[in-house]
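Inspection log for the structure reproduced underneath, given as structure tokens.
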Amino acid sequence: MVVANATTGIASPLKCALTLSQGFQGSTRRLQWRKNERQCARKTGHGVITAKFDLKPPPYPMDALEPHMSRETFEYHWGKHHRAYVDNLNKQIAGTELDGMTLEDIVVVTYNKGDLLPPFNNAAQVWNHDFFWESMKPGGGGKPAGELLDLINRDFGSFEEFVKEFKTAAATQFGSGWAWLVYKANRLEVGNAENPLPLDEDKKLVVVKSPNAVNPLVWDYFPLLTVDVWEHAYYLDYQNRRPDYLSIFMEKLVSWEAVSSRLDSAKARATEREREEERKKNEEEEYGTANSEAVEMYLESDDAVSD
Amino acid sequence: MEICKVSLWFVQECTLHTASNVLLVALSHGFSELFDIKRQNRAQVFYFTNIAETFGLFRLQLWHSRHLLTKKTLATQPLGILGFRSVQTFSLPDLPYDYGDLEPAISSEIMHLHHQKHHQTYITNYNKSLEQLDDAMTKGDASTVVKLQSAIKFNGGGHVNHSIFWKNLAPIHEGGGEPPKGSLGWAIDNNFGSLEALIQKMNAEGAALQGSGWVWLGVDKELNRLIVETTGNQDPLVTKGPSLVPLLGIDVWEHAYYLQYKNVRPDYLKNIWKVMNWKYASEVYEKEFPES
């Protein structure tokens, strides 16, 4: 097998590439993690070009959220914690079948139905923090409008009720973790993970909380908003006063524009997925009919032979 | 100033005059002292019982404000006197040193917040869930009893773990950082090769712990073996094995180090050994395995 040329830095075709059939409903194959990692490690030499994730900066300067979230917090939270997750993830996936996959796919695959594979923590935390910075903006807070507000009123009773439920979830997430507003559109069994709210059937907005690095992608939800409740997110500014941090987050930091646009794409993807499922179901029906015709023909010829 | 709310309930009818006499007598003898178990004021109890008999009271039921039982000097024992039930409540134990005594390993600011805010909050919430549990048990509400278990584990575990933690630490001028001698020292060499190896192992496991939790040096009292173990959130060491006894625990929740060490947990782990109270660990170990 050709090993990567150190001077030209061209990657050798790695035998252990794994392709996911599609998105979240895809792989039911067990990921042969350790075995492939060893194979790939042997074949990869120096100077191989591999896909790497970048540390994306927040969409505003680091002091833009003062005094609610200090520049110092950003220097550590983005500059150290988030950066470490990115660097460590890149190291972990280099030369493995995860290399080249999208971040969301890596998160879902390494979640592994709760039996976390080593890169999960870093991958999920990279995704979570990207999502978190974009959930905030300078001069944020206030109330949402339009369809988002309508859905909030429908699914929580009122905006105030939603805020209360969201803050309660965030305050009662024991230890490290996150609280989320998600759009729940799935009705089917999720191949890769346990769905924690299997009884609700309608498409609706839901508040959920998750420990450590876990995020709602693994439950096949569409995340719309998050707040980081790891202590490092608020300790420099609020020390132990997590409830104060959450109040300020809701009142002064939330970017409802981001949440609204995420809701729009979530609904679009959900509709598209439903159409896909319909199409596949129709295909199977057609294929089923064709199959039975073939059987009939076979029987006829059988009769001919026996006679 | 604690307030003692007393209501007297009589099985047998007595005159109001009688009842108020009892009340006056009790109050004049420092009624609130009745609940100061640490001073073992049994005399007061007898006196009170005698009064009850004298005045023909069959039963006396005392309702008290929670404040009485959370006095710092109070030991925590349920009041079994006169046949009534109460929920044991817990209070914040004092630190055996000043907040600044562990500097520069752990800052005074952190010790302040860690003790007076975080530990106190665990205790407050633990007491609350115990009350709710008591209530649910009395009512026979099994599903609430079960539902409360996680709050009890979180907050009770937080109280248990931090109570050990404060004793695990000592100022340098009081022996903090002095390596263990005696049987624990030997056991460490036998189990890990050397003290340095143990420290390295604990630091590695503590640094690698995702999220919040603790790293422990413990002893398996059935196998007489030292172990290094981690627990998540506020799970006590015993959740990893019923025969495990904690000797030393290091809190690796971010609140334990963030203001001083920020994201560099390994530096915190390196420095905390300078104030580690090996004397306490040895005492616990020798209690499990007394030297013959």
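So the protein sequences, as listed, match chains L and Y.
The numbering of the first sequence is the UniProt record's numbering, which starts it at 1 and goes up by one.
The numbering of the second sequence is the UniProt record's numbering, which starts it at 1 and goes up by one.
Each residue gets a CB set at the ideal place from its N, CA and C atoms; glycine is no exception.
For the alpha helix (DSSP H) holding residue i, just list the boundary residues, first then last.
i, result
"ARG71 (chain L)", "71 to 76"
"SER247 (chain L)", "242 to 248"
"ASP228 (chain L)", "Where ASP228 (chain L) is concerned, there is no enclosing alpha helix (DSSP H), although the beta strand (DSSP E) it sits in stretches over 222 to 228."
"SER129 (chain Y)", "120 to 139"
"ASN277 (chain Y)", "Element bounds for ASN277 (chain Y): n/a, residue is neither H nor E."
"PHE183 (chain Y)", "Phe is not the amino acid found at residue 183 (chain Y); the sequence shown has Ser there. Per DSSP, SER183 (chain Y) belongs to the alpha helix (DSSP H) from 182 to 192."
"ASP130 (chain L)", "120 to 134"
"ALA169 (chain L)", "159 to 171"
Using only alpha-carbon positions, find the residue among the options that is nearest to residue i.
i, options, result
"ARG242 (chain L)", "L:ALA170, L:ASP99, L:ARG83, L:LEU55", "L:ALA170"
"THR89 (chain Y)", "Y:LYS128, Y:PHE154, Y:ASN263, Y:HIS118", "Y:LYS128"
"LYS80 (chain L)", "L:GLU285, L:ALA233, L:GLU257, L:VAL254", "L:ALA233"
"HIS129 (chain L)", "L:ALA266, L:LYS281, L:THR226, L:THR271", "L:THR226"
"LEU230 (chain Y)", "Y:LEU223, Y:LYS221, Y:GLY241", "In the sequence as presented, Leu is not what sits at residue 230 (chain Y); that position holds Thr. Taking only the C-alpha atoms, the option nearest THR230 (chain Y) is Y:GLY241."
"GLY139 (chain L)", "L:SER261, L:GLN125, L:ALA266, L:TRP256", "L:TRP256"
"GLY206 (chain Y)", "Y:TYR268, Y:GLU103, Y:LYS117, Y:GLN260", "Y:TYR268"
"ILE110 (chain Y)", "L:LEU236, L:SER261, L:SER265", "L:LEU236"
"GLU291 (chain Y)", "Y:VAL238, Y:TRP273, Y:LEU226, Y:LEU184", "Y:LEU184"
"TYR245 (chain L)", "L:LEU55, L:ALA84, L:VAL229, L:ILE106", "L:VAL229"
"residue 314 (chain Y)", "Y:GLU196, Y:LEU244, Y:GLU103", "No answer is possible for residue 314 (chain Y): it lies beyond the span of chain Y, which begins at 1 and ends at 292."
"LYS164 (chain L)", "L:LEU217, L:ALA213, L:LEU117, L:LEU181", "L:LEU181"
"GLU283 (chain Y)", "Y:LEU237, Y:ASP101, Y:VAL215, Y:GLY182", "Y:GLY182"
"LEU55 (chain L)", "L:PHE131, L:TRP178, L:GLY177", "L:PHE131"
"ALA185 (chain L)", "L:GLU272, L:GLU97, L:LYS280", "L:GLU272"
"SER163 (chain Y)", "Y:LYS139, Y:GLN234, Y:GLU254, Y:ALA208", "Y:GLN234"
"HIS68 (chain L)", "L:ARG279, L:TYR238, L:ASP115", "L:TYR238"
Which residues mark the beginning and the end of the beta strand (DSSP E) in which residue i is found?
i, result
"LEU226 (chain Y)", "225 to 232"
"GLY175 (chain L)", "Segment: none, GLY175 (chain L) is in no beta strand (DSSP E) and carries neither H nor E."
"ILE250 (chain Y)", "244 to 251"
"SER210 (chain L)", "204 to 211"
"LEU217 (chain Y)", "213 to 220"
Which same chain residues end up closer than 8 Å to residue i when comparing Cβ atoms and leaving out the 5 residues on each side of it in sequence?
i, result
"MET276 (chain Y)", "ASN168, LEU169, ALA170, GLY176, GLY177, LEU248"
"LEU92 (chain Y)", "LYS72, HIS115, GLN116, HIS119, GLN120, ILE123"
"LEU195 (chain Y)", "PRO179, PRO180, GLY185, ILE188, ASP189"
Residue i: buried (16+ other C-beta within 10 angstroms of its C-beta) or exposed?
i, result
"LYS113 (chain L)", "exposed"
"HIS173 (chain Y)", "exposed"
"GLY83 (chain Y)", "Summary for GLY83 (chain Y): the model assigns pLDDT 44, below 50, so the residue's position carries little reliability; its value from the coordinates is reported in the next sentence. Under this definition GLY83 (chain Y) is an exposed residue."
"GLU251 (chain L)", "exposed"
"THR110 (chain L)", "buried"
"GLY157 (chain L)", "exposed"
"SER212 (chain Y)", "buried"
"LYS72 (chain Y)", "The predicted position of LYS72 (chain Y) is uncertain, since its pLDDT is 41 and thus under 50; a value taken from the coordinates is nonetheless stated next. Burial call: exposed."
"SER265 (chain L)", "exposed"
"ASN224 (chain Y)", "exposed"
"TYR287 (chain L)", "exposed"
"ARG265 (chain Y)", "buried"
"MET284 (chain L)", "For the record, residue 284 (chain L) in the displayed sequence is Glu; it is not Met. By the neighbour-count rule (16 or more Cβ atoms within 10 Å), GLU284 (chain L) is not buried but exposed."
"GLY156 (chain Y)", "buried"
"LYS167 (chain L)", "buried"
Could you pull out every residue in the same chain whose Cβ sits closer than 7 Å to the Cβ of residue i, ignoring the five residues on either side in sequence?
i, result
"ILE152 (chain L)", "PRO144, PHE159, PHE162, LEU205"
"GLY175 (chain L)", "PRO211"
"PRO118 (chain L)", "GLN92"
"GLY141 (chain L)", "MET250, GLU251, LYS252, LEU253, VAL254"
"PRO246 (chain Y)", "ILE164, TRP216, GLY218, LEU237"
I'd like the list of long-range same chain contacts for residue i, defined as Cβ closer than 6 Å, with 5 residues on each side in sequence excluded.
i, result
"LEU198 (chain Y)", "ILE188, PHE192"
"GLN40 (chain Y)", "Confidence at GLN40 (chain Y) is low in this model, with a pLDDT of 39, below 50, so its placement is unreliable and the value that follows should be read with caution. Closer than 6 Å at Cβ, skipping near neighbours: no residue."
"ALA136 (chain Y)", "THR144, VAL145"
"LEU133 (chain Y)", "LEU148"
"TRP186 (chain Y)", "none"
"SER107 (chain Y)", "GLN260"
"MET62 (chain L)", "ARG71, PHE74"
"ASN271 (chain Y)", "ALA105"
"ASN215 (chain L)", "ALA124, ASN128"
"LEU226 (chain Y)", "ALA187, ASN191, VAL219"
"TRP133 (chain L)", "PRO58"
"GLU130 (chain Y)", "It is Leu, not Glu, that sits at residue 130 (chain Y) in the sequence shown. Excluding sequence neighbours, LEU130 (chain Y) sits near VAL87."
"TYR85 (chain L)", "ASN122, GLN125, VAL126"
Can residue i and residue j be called in contact, C-beta distance under 7 Å?
i, j, result
"ASP251 (chain Y)", "PHE154 (chain Y)", "no"
"GLY158 (chain Y)", "TYR99 (chain Y)", "no"
"ASN88 (chain L)", "PHE53 (chain L)", "no"
"ASN240 (chain L)", "LYS221 (chain Y)", "no"
"PRO236 (chain Y)", "VAL160 (chain Y)", "yes"
"LEU148 (chain L)", "LEU263 (chain L)", "yes"
"LYS262 (chain Y)", "VAL228 (chain Y)", "no"
"LEU224 (chain L)", "VAL108 (chain L)", "no"
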